[in-house]
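Heads up, the sequence shown is in the working numbering, so the first residue is 5 and it goes up one at a time. This report refers to the structure that appears directly beneath it.
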Amino acid sequence: MMWTTHAAAHAISAQFIGADAAFTRVTSDSRDIQAGDLFVALRGEKFDGHDFVHQAFTLGAAAVMVDTQADVAGVPAIVVADTRLALGQLAAVWRRKMPARLLAITGSSGKTSVKEMLAAILRVAVGDAAVLATQGNLNNDIGMPLTLLRLRAEHQFAVVEMGMNHTGEIAYLTHLARPDVAAIINAGTAHIGMLGSVAAIAAAKGEILAGLADTGVAVINNDDAFAAMWRDLAGHHQVVDFGLRQAHDVRASYNATAVGNDISVQVGTTTTHIALPVAGEHNVMNALAATAIAIVAGIDMTTIKAGLEGYRGVKGRLQRKPAQHGALVIDDSYNANPDSTRAAIKVLAAMSGKRILVLGDMGELGDDAVAMHAQIGEFAKLAGVDALYALGDLSAHSVQAFGAGGRHFSDLPTLAAELSAQLCAEVVVLVKGSRFMQMERVVKIIEEQA
5 MMWTTHAAAH
15 AISAQFIGAD
25 AAFTRVTSDS
35 RDIQAGDLFV
45 ALRGEKFDGH
55 DFVHQAFTLG
65 AAAVMVDTQA
75 DVAGVPAIVV
85 ADTRLALGQL
95 AAVWRRKMPA
105 RLLAITGSSG
115 KTSVKEMLAA
125 ILRVAVGDAA
135 VLATQGNLNN
145 DIGMPLTLLR
155 LRAEHQFAVV
165 EMGMNHTGEI
175 AYLTHLARPD
185 VAAIINAGTA
195 HIGMLGSVAA
205 IAAAKGEILA
215 GLADTGVAVI
225 NNDDAFAAMW
235 RDLAGHHQVV
245 DFGLRQAHDV
255 RASYNATAVG
265 NDISVQVGTT
275 TTHIALPVAG
285 EHNVMNALAA
295 TAIAIVAGID
305 MTTIKAGLEG
315 YRGVKGRLQR
325 KPAQHGALVI
335 DDSYNANPDS
345 TRAAIKVLAA
355 MSGKRILVLG
365 DMGELGDDAV
375 AMHAQIGEFA
385 KLAGVDALYA
395 LGDLSAHSVQ
405 AFGAGGRHFS
415 DLPTLAAELS
425 AQLCAEVVVL
435 VKGSRFMQME
445 RVVKIIEEQA
């Protein structure tokens, strides 16, 4: 990137003050400033980036973007009414300057896994340097614009996640990004406390289609109950579907293995056998989504097979790790909602030996939180899980529904101590919970003693 404050300000109809300054990167994190950066000072509930404006220059920033309340006399600055909105405007302008085909992904569960599977395929196809992908889950109205601003002329593809916790958020993001391909993985119960129903969530996910480029293609999960809604929202755009049961374009059968899944992917009259090295039917669906997007992007099945077979999973998502006394821990601690928790429980239930679920609270479920936690307890019991160790107020309802073998803990050290006492070579532990519960602490404790 090489842009100047005057040119960038002009592009978004903003004011600039001070000398014209060239910048090579955009960041909103004062801890991450490098020489030549444009530092965007954002205001949040618990922080104000404007407090770090002068520190930014000390660290080497070339210029800053601030709102009209900031005191930036004598330094290169772009002055706007709202730095968050201006960040999005700047990202939209920059995206339109770059030649990369933009592949956008949304869904209640699986976005990050699909993104990483697709990126693995594309890197086989065109090389690492030609592929940009969302870092981590930076998929909101700050993270996604920052991803777009990382685009460079050498990128042939950009793989971008779009997340949301309220109606209209994905509509905003997709109009910034103008994707060439927009994929909807599924609609489920994540954020139901914010939107009220799965139907409302499905409609919010469908907003991604409103920003499709004129010749863009929609990719949808045809097994999902809301597939017909998404087809309607796609309007005149071509639709490519995927699924295990109802798909016409990319479909599959599979068999679970000790380390993942053997998948037979059918595209037209051609069948390709893929040894996917991650477990769970949900990961088969994730692989089909990545396959469908890659096909639309012009990637052949030989390359898709190589990319998927080389995929090694995402940190904190069904990662198998050795634990103390020869036990196995399945680290799915990064985040949780009822749908992803059921999917993980299915993976645990398919394992041999004593199966222990360590569950932390699931967030953003609103008035349904108690009932949904109870349902998870019932589901785990029916699936054949042997023991449930729970942490958090809401997970107490999971324990109650689970019945015999369920235990609720008020603090993590006690849970970890009791869990450690149960571990041996015949035990498999699944650790799951929403991000705010930080359930990776359990994994770390039993790993440290391995």
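From the three backbone atoms N, C-alpha and C, an ideal C-beta is built for every residue, glycine too.
Item to check | Extent of the continuous alpha helix (DSSP H) to which K325 belongs | outcome: Counting along the chain, K325 falls outside any alpha helix (DSSP H), though it belongs to the beta strand (DSSP E) covering Q323 to P326.
Checklist entry - Looking at V244 and Q253, is the spacing between their C-beta atoms short of 9 angstroms? => result First, the residue type needs correcting, since residue 253 is Asp and not Gln in the sequence shown. Against a cut-off of 9 angstroms, the Cβ pair of V244 and D253 comes out as a contact.
Checklist entry - What does D71 pair with, by DSSP beta-bridge criteria? => result The partner list for D71 (beta bridge, DSSP) reads V84.
Checklist entry - Would DSSP call K358 helix, strand or coil? => result For K358, the three-state secondary structure derived from DSSP is strand.
Item to check | Exposed unless 16 or more other CB atoms sit within 10 angstroms - verdict on N259 | outcome: N259 comes out exposed.
Next on the checklist: Quick check: what's the CA-CA separation for R249 versus H241?
Outcome noted: About 23 angstroms.
Checklist entry - Where DSSP assigns a beta bridge to R255, which residues make up the other side? => result Answer is G247 and Q270.
Item to check | 3 or more residues per run - each beta strand (DSSP E) lying fully within the stretch 182-245 | outcome: Restricting attention to beta strand (DSSP E) runs no shorter than 3 residues, the stretch 182-245 encloses them at 185-188 and 221-225, ordered along the chain.
Checklist entry - Can you name the start and end residues of the alpha helix (DSSP H) that I125 belongs to? => result Counting along the chain, the alpha helix (DSSP H) containing I125 begins and ends at K115 to V130.
Checklist entry - According to DSSP, which residues form a beta bridge with A162? => result L106 and L136, per the DSSP bridge assignment.
Item to check | Sequence-distant residues of the same chain with beta carbon closer than 6 angstroms to A238, five excluded per side | outcome: If we look at A238 and ignore the five residues flanking it on each side, its Cβ neighbours are L213 and A222.
Checklist entry - Got a sec? Which residues, its chain only, sit under 8 angstroms from V128 by beta carbon, not counting five neighbours each side? => result Closer than 8 angstroms at the Cβ level, and outside the excluded window around V128, lie T307, A310, G311 and G314.
Item to check | Close-in-space but distant-in-sequence residues of the same chain around V318 (CB under 7 angstroms, 5 per side omitted) | outcome: For V318, same chain residues with a beta-carbon under 7 angstroms away, outside a window of 5 residues either side, are T116, S117 and E120 in chain order.
Checklist entry - For Y338, which residues from the same chain have a beta carbon less than 6 angstroms from its beta carbon, with the 5 sequence-adjacent residues on both sides left out? => result Once the five neighbours on either side are set aside, the close Cβ partners of Y338 are G320 and R321.
Item to check | Best match in G200, E211 and M355 for proximity to A108 [C-alpha to C-alpha] | outcome: Per the Cα distances, E211.
Next on the checklist: Given this structure, state the Cα-to-Cα distance separating R255 from V269, to the nearest angstrom.
Outcome noted: Straight-line Cα distance between these residues: approximately 6 angstroms.
Next on the checklist: Whether or not the stretch 332-347 and the stretch 148-157 are in contact is what I'm after, with contact meaning three or more pairs of Cβ atoms, one per stretch, closer than 8 angstroms; do they touch?
Outcome noted: Because the criterion of three Cβ pairs below 8 angstroms is not met, the stretch 148-157 and the stretch 332-347 do not touch.
Checklist entry - Where does A454 land, buried or exposed, given buried means 16+ other C-beta within 10 angstroms? => result Reliability fails at A454, whose pLDDT of 41 lies under 50, so the model's placement of it is uncertain and no value is given.
Next on the checklist: Only counting the same chain, and skipping five residues up and downstream in sequence, which positions put a Cβ closer than 6 angstroms to that of H277?
Outcome noted: Answer for H277: S268, listed in chain order.
Checklist entry - What three-state label does DSSP hand M5 in the structure shown? => result It is coil, neither helix nor strand.
Item to check | C-alpha gap between A65 and G220, whole angstroms | outcome: So the alpha carbons of these two residues sit roughly 37 angstroms apart.
Next on the checklist: So the candidates are N265, M289 and V271; which of them puts its Cα closest to the Cα of P281?
Outcome noted: Selected option, being the one with the closest Cα: N265.
Checklist entry - Can you round the beta-carbon distance between V446 and A420 to whole angstroms, since I take them to be within the 8 angstroms contact cut? => result Right, the Cβ-Cβ distance comes to about 6 angstroms (below 8 angstroms), so this counts as a contact.
Next on the checklist: Looking at the strands, I want to know which residues DSSP matches up with V318.
Outcome noted: R321, per the DSSP bridge assignment.
Item to check | Sub-9 angstroms separation of A187 and G111 beta-carbons | outcome: Yes, the Cβ-Cβ distance between A187 and G111 is below 9 angstroms.
Checklist entry - Would DSSP call Y393 helix, strand or coil? => result Y393 falls in the strand class under three-state DSSP.
Checklist entry - How far does the alpha helix (DSSP H) with G302 in it reach, from first residue to last? => result In the DSSP assignment, G302 falls outside any alpha helix (DSSP H), carrying neither H nor E.
Next on the checklist: Measuring alpha carbon to alpha carbon, tell me which residue in A375, R359 and G381 is nearest V333.
Outcome noted: Check the Cα spacing between V333 and each of A375, R359 and G381: the tightest is with R359.
Item to check | Close Cβ partners of I205 (< 8 angstroms) along its chain, the five nearest in sequence each way excluded | outcome: Excluding residues within five positions, the ones whose Cβ falls inside 8 angstroms are S112, A191, G192, T193, A194, H195, I196 and L199.
Item to check | Rounded C-alpha distance that separates G367 from V403 | outcome: It is roughly 17 angstroms from the alpha-carbon of G367 to the alpha-carbon of V403.
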